[in-house]
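Chains as they are written, first to last, in the working numbering: chain A, 78 to 200; chain B, 78 to 200.
Each residue gets a CB set at the ideal place from its N, CA and C atoms; glycine is no exception.
2 protein chains.
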Amino acid sequence: MKRAIVLFGHGARDPEWAIPFVNVQTRLRQARPTMEIELAFLEFMQPNLATAVSALATRGASDLTIVPLFLAQGGHLKHDLPRIVERIRAVHPALTIDVTSPIGDVDAVLDAITHWILSATKP
Amino acid sequence: MKRAIVLFGHGARDPEWAIPFVNVQTRLRQARPTMEIELAFLEFMQPNLATAVSALATRGASDLTIVPLFLAQGGHLKHDLPRIVERIRAVHPALTIDVTSPIGDVDAVLDAITHWILSATKP
């Protein structure tokens, strides 16, 4: 079994928008140097999720975790992402694909955001 | 001087999208029970930033920090937000308004995201 992670972001027209996503990818690659950690985007940026997953499957990935780097759950995560994953599963039936919660549902992430705001503002 | 914080999010059609933003607001209010901490949105949700700031000014706020709860800097933060803040400053010349970095530029937030992904996925 060969595991891989895909960090799934919204995407934007401005290339600099991707910087924080690349920074998370870099941190994960440092922590797991032998695991494939790729980025994929819903729109505006490449690759899209289907392309990223196909490339990983071609390179031998068998067990994939998609991490939505979204702050919150709206239509993109409730409707668009499940449809995309369903199509990917139809194309790659041998692949195990999990999707995590979005980062805005994670207490430790909200705590880090809160602590930073407290440190960046005067009481 | 009466300080206040406005948490500025993108907004979405789905009301549940706001939950993580409300959760950060709740944490901040617990940490600073006497400070006004309000939410405002770019689109789809109410109030918008101008409305939120006017309400705070009416209640006596004199020193405002806008915190963009965006993961990354694209057109919304580089172009839309400065234009909105410029118009707000014209309407409220006595108000001191600062805008912080977006949370995706904050190392501690990216570290928390990374640690959570490492804990939520198998090596």
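Among A/Pro-200, A/Met-78 and A/Gly-86, the one whose alpha carbon lies nearest that of B/Ala-149: Position 72 of the second sequence, counting from 1, holds the residue named residue 149 of chain B. Cα-wise, what sits closest to B/Ala-149 is A/Gly-86.
Any chain A beta carbon closer than 7 angstroms to B/Ala-129: Counted from its first residue, the second sequence places residue 129 of chain B at position 52. For B/Ala-129, not one C-beta of chain A is nearer than 7 angstroms to its own C-beta.
Chain A contacts made by the stretch 167-196 of chain B, where a contact means CB separation under 9 angstroms: Asp-175, Thr-177, Ser-178, Pro-179, Ile-180, Gly-181, Asp-182, Val-183, Asp-184, Ala-185, Val-186, Leu-187, Asp-188, Ala-189, Ile-190, Thr-191, His-192, Trp-193, Ile-194, Leu-195 and Ser-196
Candidates A/Asn-125, A/Pro-179, A/Ile-194 and A/His-169: closest to A/Lys-155 by CA position: For the purposes of this step, residue 155 of chain A is taken as the residue at position 78 of the first sequence. Nearest C-alpha to A/Lys-155: A/Pro-179.
Three-state secondary structure (DSSP) of B/Phe-121: Start at 1 with the first residue of the second sequence, and residue 121 of chain B comes out as number 44. In the structure shown, B/Phe-121 sits in coil (DSSP, three-state: anything other than H, G, I, E or B).
Among B/Arg-166, B/Thr-142, B/Arg-80 and B/Asp-175, nearest to B/Met-112 - alpha-carbon criterion: By one-based count along the second sequence, residue 112 of chain B stands at place 35. Residue B/Arg-80 is the option with its Cα nearest to B/Met-112.
Coil, strand or helix - A/Val-144 by DSSP: Sequence index remark: in the first sequence, residue 144 of chain A carries index 67 (1-based). A/Val-144: strand per DSSP, three-state reduction.
Contact set for B/Met-78: own chain, Cβ-Cβ below 7 angstroms, skip 5 residues either direction: Within the second sequence, numbered from 1, the residue matching residue 78 of chain B stands at position 1. Around B/Met-78: Ser-139 and Asp-140.
Alpha carbon of B/Ala-197 to alpha carbon of B/Leu-172, nearest angstrom: As a first step, residue 197 of chain B is located in the second sequence; it is residue number 120 there, counting from the start. As a first step, residue 172 of chain B is located in the second sequence; it is residue number 95 there, counting from the start. Spanning the two alpha carbons is a distance of roughly 44 angstroms.
Sequence-distant residues of its chain with Cβ nearer than 6 angstroms to B/Val-130 (five each side left out): The sequence position of residue 130 of chain B within the second sequence is 53, counting from 1. Contacts found: Ile-165.
Three-state class that DSSP yields for A/Ala-81 in the structure shown: Here residue 81 of chain A is taken as the residue at index 4 of the first sequence, counted from 1. Three-state DSSP puts A/Ala-81 in a strand.
Min CB distance A/Thr-103 to chain B below 7 angstroms: Reading the first sequence from its first residue, position 26 is the one you call residue 103 of chain A. For A/Thr-103, the answer is no, since every Cβ of chain B falls outside 7 angstroms of its Cβ.
Meets three-Cβ-pair contact criterion under 8 angstroms: the stretch 177-192 of chain B and the stretch 103-118 of chain B: Fewer than three Cβ pairs drawn from the stretch 177-192 of chain B and the stretch 103-118 of chain B lie within less than 8 angstroms of each other, which leaves the two stretches out of contact.
Beta carbon proximity, B/Thr-135 to chain A, threshold 7 angstroms: Taking the second sequence and counting its residues from 1, one reaches residue 135 of chain B at position 58. Closer than 7 angstroms: no.
B/Thr-191 vs A/Arg-104 beta-carbon contact at 7 angstroms: Numbered from its first residue, the second sequence carries residue 191 of chain B at position 114. Numbered from its first residue, the first sequence carries residue 104 of chain A at position 27. In this structure, A/Arg-104 lies closer than 7 angstroms to B/Thr-191 by Cβ.
Beta-bridge partners of B/Gly-86, as assigned by DSSP: The residue given as residue 86 of chain B occupies position 9 in the second sequence. Under DSSP, B/Gly-86 takes part in a beta bridge, and its partners are B/Phe-118.
Same chain, Cβ closer than 6 angstroms to B/Thr-142, neighbours up to 5 away in sequence not counted: For the purposes of this step, residue 142 of chain B is identified with residue 65 of the second sequence, where counting begins at 1. Excluding sequence neighbours, B/Thr-142 sits near Ile-82 and Asp-175.
Sub-7 angstroms separation of B/Leu-187 and B/Val-144 beta-carbons: Residue mapping note: residue 187 of chain B aligns to position 110 of the second sequence, counting from 1. Residue mapping note: residue 144 of chain B aligns to position 67 of the second sequence, counting from 1. Contact: no.
Interface partners of A/Val-144 on chain B, CB under 7 angstroms: Position 67 of the first sequence, counted from the first residue, corresponds to residue 144 of chain A. Near A/Val-144 (Cβ distances below 7 angstroms), the residues of chain B are Ile-194.
Best match in B/Ala-185, B/Arg-109 and B/Met-122 for proximity to A/Pro-97 [C-alpha to C-alpha]: Locating residue 97 of chain A in the first sequence gives position 20, counting from the first residue. Of the candidates B/Ala-185, B/Arg-109 and B/Met-122, the one whose C-alpha sits nearest the C-alpha of A/Pro-97 is B/Ala-185.
Alpha-carbon to alpha-carbon, B/Ala-134 and A/Gly-152: The residue you call residue 152 of chain A lines up with position 75 of the first sequence. The residue you call residue 134 of chain B lines up with position 57 of the second sequence. If you take the alpha carbons of A/Gly-152 and B/Ala-134, they lie about 34 angstroms apart.
B/Asn-125 versus B/Arg-106, B/Gln-107 and B/Ala-89, residue with shortest Cα-Cα distance: To locate residue 125 of chain B, count along the second sequence from 1; it is residue 48. Nearest of B/Arg-106, B/Gln-107 and B/Ala-89 to B/Asn-125, Cα basis: B/Ala-89.
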